[in-house]
Every structure is written in structure tokens, then in C-alpha cells.
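Undergrad: Mind the numbering: the sequence shown is residues -17 to 190 in this note's numbering, read in order. For glycine and all other residues, C-beta sits at the position ideal for the given N, C-alpha and C. Bear in mind the structure is a predicted one, so any value in this text is a computation, not a measurement. First the structure, then my questions, so here it is.
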Amino acid sequence: MSSLGVEMAAAVGNAAFWDSIVNGSEKGLLLYLSGRDTAELMASPGPQGHFALELAAFWGHLDVIKILIAEGADVDAASPTTGNTALHSATIQNHGRVVKYLLFNCDPRASMDILDHVGRTAGDLASASEVTWNLFVAAGYKGVRRTRSELQSLGLPMDDSGIAPDSINGGHVVLTSRTTAPSSSAKDPKDVMMARRYGDILAGDDDQ
-17 MSSLGVEMAA AVGNAAFWDS IVNGSEKGLL LYLSGRDTAE LMASPGPQGH
33 FALELAAFWG HLDVIKILIA EGADVDAASP TTGNTALHSA TIQNHGRVVK
83 YLLFNCDPRA SMDILDHVGR TAGDLASASE VTWNLFVAAG YKGVRRTRSE
133 LQSLGLPMDD SGIAPDSING GHVVLTSRTT APSSSAKDPK DVMMARRYGD
183 ILAGDDDQ
């Protein structure tokens, strides 16, 4: 079990649930949910103040996201800690396939205009990535694309690749305890490190 799962379990007693969310185990999640009343789980944030759907989006676990939404998770639920929705978290991590699903394929579709506690919409965050920005535009986003300096003024440190990883400390979840790589295709330790630094290394595949 990941240390994050243990930490959450200590507070809420749902170790298998939270560990399945963080580590992207669809089988583990379905096994845990079987025969349970899931309404409270879907509607209650964990001890860090993050909803299950938001955590799954942060890590880019699309299949887990689909299960949670089918079980009644609110796609626009905002963390009481950060104000982040699932779309905020997927966007800042540049998980293109998750962003695409939330904007086009889930019912209801995710809102692009919810403000986090720093005053940023998911569309603001999308400004840092060509892939995610194009998805937002295609979904009808009406906001203006933010410049690098504007993103920095919103508390998002930038590097040459876009939003720097340290930006997750500025009003976004900080999760470093997952036991598996952010992408199932990342096996080499160097690839895993890069995946963790820049988000899902498969983001953008078939998404443009």
C-alpha cells in the first residue's frame, strides 16, 4: 500500500478505496465498491481535502475516473482545500486524454470556468500547453489564452516545457507517494522520473 493510502486510511478507514484511486487500480476499486453504498464515498473528500475524482484526474487514471463518475461522483466537485476540480488537476498535469474525456465524453461535461482558491480557471491552466489549450478551444472555452507572464502572476512557475512541477504547491495537490509510474508505458527509472515531472508522458496521443 502506498504511504498516501495509509495516511488516508488512518483518517477515514477506507484504505483499499483510496489506494485504488491513487494507484489506478480499476479491479481494486470495483472490488471495494461492490455491494457498498457509494454515495458517501463519492461526496466526501479525503483527509487532505481532495475528492476521489480529483485525485484520479491528477494521476491521469482515465478508467478509474469513468468508474467514479458512473458511481455518481460530481465531475465539478471542488476541493475545499484548493478549490480544484478534476479538470483543474488533469489540466495542470497535462493529462490530455483525461482532459478530453472530461470536456467531451462524460455526462455532464466538466465546467471550464470554475475558479480555484487562487482565482484560476482550468482554462487558465490550459494556456500553458498547446494540446490542452486546443482541447479547451474545441470545447467552446471563451477565455483568453494566458501569456507566460500572466501565468506566472497567477502563481504558476514556468519552465521551458510549460508549467513547472513546483507549481503544484501553489494551490494544487501535492502527491508524491504513488507506488506506480504515472504512465503504464514508463518502465525505465529515468522515464518514470520524467513522467512524474511533466505529467502523463502519453498526454496528447490521439488527442489533437
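Going by beta carbon distance, what residues of the same chain come within less than 8 Å of V46, once the five residues before and after it are set aside?
TA: Cβ within range, chain order: S2, I3, G6, S7, E8, L11 and A38.
Undergrad: Between N(-4) and D89, what straight-line distance do the alpha-carbon atoms span, to the nearest angstrom?
TA: Distance between the alpha carbons of N(-4) and D89 is about 27 Å.
Undergrad: How should L13 be labelled, buried or exposed, when 16 other C-beta atoms within 10 angstroms of its C-beta is the threshold for buried?
TA: exposed
Undergrad: Return the chain-ordered list of same chain residues with a C-beta closer than 7 Å to the C-beta of S166, the five sequence neighbours on each side being excluded.
TA: Caution is warranted here: a pLDDT of 36 is assigned to S166, below 50, making its placement in the model unreliable, and no coordinate value can be reported.
Undergrad: May I have the straight-line CA-CA distance separating A72 from W41, to the nearest angstrom?
TA: 8 Å
Undergrad: Do you know offhand how far T129's Cα is from A110's?
TA: Roughly 8 Å between the two C-alpha positions.
Undergrad: Return the chain-ordered list of same chain residues with a C-beta closer than 7 Å to the C-beta of L44, the five sequence neighbours on each side being excluded.
TA: R79, V80 and Y83
Undergrad: Please give the ranges of any alpha helix (DSSP H) in the stretch 12 to 36, keeping only runs that are unbroken, at least 4 residues long and fully inside the region.
TA: Segments of the alpha helix (DSSP H) lying fully in the stretch 12 to 36: 21 to 25.
Undergrad: Alpha carbon to alpha carbon, how far is V119 from V113?
TA: 10 Å
Undergrad: Is L35 closer than 8 Å to A60 when the C-beta atoms are compared?
TA: no
Undergrad: Is Y123 helix, strand or coil by DSSP?
TA: In the structure shown, Y123 sits in coil (DSSP, three-state: anything other than H, G, I, E or B).
Undergrad: Among the candidates A121, W115 and A104, whose CA atom is the shortest distance from the CA of L136?
TA: A104
Undergrad: Would you call G28 buried or exposed, if buried means 16 or more other Cβ atoms sit within 10 Å of its Cβ?
TA: buried
Undergrad: Please classify R128: does DSSP put it in a helix, a strand, or coil?
TA: coil
Undergrad: Taking the C-alpha atoms as reference points, what is the distance between S131 and G101?
TA: 16 Å
Undergrad: Specify, as a first and last residue, the run of the alpha helix (DSSP H) that D1 falls within.
TA: A(-3) to N5
Undergrad: Taking the C-alpha atoms as reference points, what is the distance between E53 and A21?
TA: 8 Å
Undergrad: Under the rule that 16 or more other beta-carbon atoms within 10 Å means buried, what is F(-1), buried or exposed?
TA: buried
Undergrad: Taking Cβ positions, are T192 and D98 nearer each other than 8 Å?
TA: Given that the chain is displayed from residue -17 to residue 190, the structure contains no residue 192 and the question cannot be resolved.
Undergrad: Is it true that the CB of L85 sits closer than 8 Å to the CB of A55?
TA: Taking 8 Å as the Cβ cut-off, A55 and L85 do not qualify as a contacting pair.
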